[in-house]
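A.B. asks: Dumping the structure here so I can ask a few things about it.
Residue numbers (my numbering): 251 to 376.
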């Protein structure tokens, strides 16, 4: 997994790191039990203070995405299936809320929006 930092982003660097790792876990790119890159190696690789990736890992651990084994490193939490499902549901709900808002702005009716969603679902099934 490669972490990319953007200095032009409005998000703090530790949040950029955490969100990329969270996304990799949620997409299945990183699986339960998989070890994350060591903070000591990640910091110089990204040209950051060790405090920045450490804060990202602390946030991910407090959210239940990873766990730390002293002396061994950070690992993707194995008991986070329900957490991942809830996070995915929140992401889909946010996308749907944006679609509804965009549809209202464009004057699209609820019925038309439902039909559009049905078409998208049919295309996915093919």
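For glycine and all other residues, C-beta sits at the position ideal for the given N, C-alpha and C.
Owing to the predicted nature of the structure, the values given are computational and were not obtained by experimental measurement.
Please report the straight-line C-alpha distance between residue 298 and residue 284, rounded to a whole angstrom.
C.D. replies: Near 23 Å, if we compare the C-alpha coordinates of residue 284 and residue 298.
A.B. asks: Mind checking whether residue 266 and residue 255 have CB atoms under 8 Å apart?
C.D. replies: Cβ atoms of residue 266 and residue 255: closer than 8 Å.
A.B. asks: Give me the Cα-Cα distance between residue 371 and residue 322, rounded to the nearest whole angstrom.
C.D. replies: Cα-Cα distance, rounded: 44 Å.
A.B. asks: Mind checking who residue 370 pairs with in its DSSP beta bridge?
C.D. replies: Answer is none; residue 370 lacks a bridge partner.
A.B. asks: Three or more C-beta pairs under 8 Å: does that hold for the region 304 to 323 against the region 257 to 265?
C.D. replies: Touching, per the Cβ criterion.
A.B. asks: Grouping DSSP H, G and I as helix and E and B as strand, with all else coil, what is residue 350?
C.D. replies: Reduced to three states, the DSSP call for residue 350 is helix.
A.B. asks: Out of 339, 302, 281, which one is the CA nearest neighbour of residue 291?
C.D. replies: Of the listed residues, the one whose Cα sits closest to residue 291 is 302.
A.B. asks: Cα-Cα, which of 293, 376, 335, 361 is closest to residue 273?
C.D. replies: Nearest C-alpha to residue 273: 335.
A.B. asks: Does the beta-carbon of residue 326 have 16 or more other beta-carbons within 10 angstroms, so that it is buried, or is it exposed?
C.D. replies: Label assigned to residue 326: buried.
A.B. asks: Specify the secondary structure class of residue 302 as computed by DSSP and reduced to three states.
C.D. replies: In this structure, residue 302 counts as helix in the three-state DSSP scheme.
A.B. asks: Apart from the five residues on each side of it in sequence, which residues of its chain come closer than 8 Å, Cβ to Cβ, to residue 269?
C.D. replies: These residues qualify, in order along the chain: 261.
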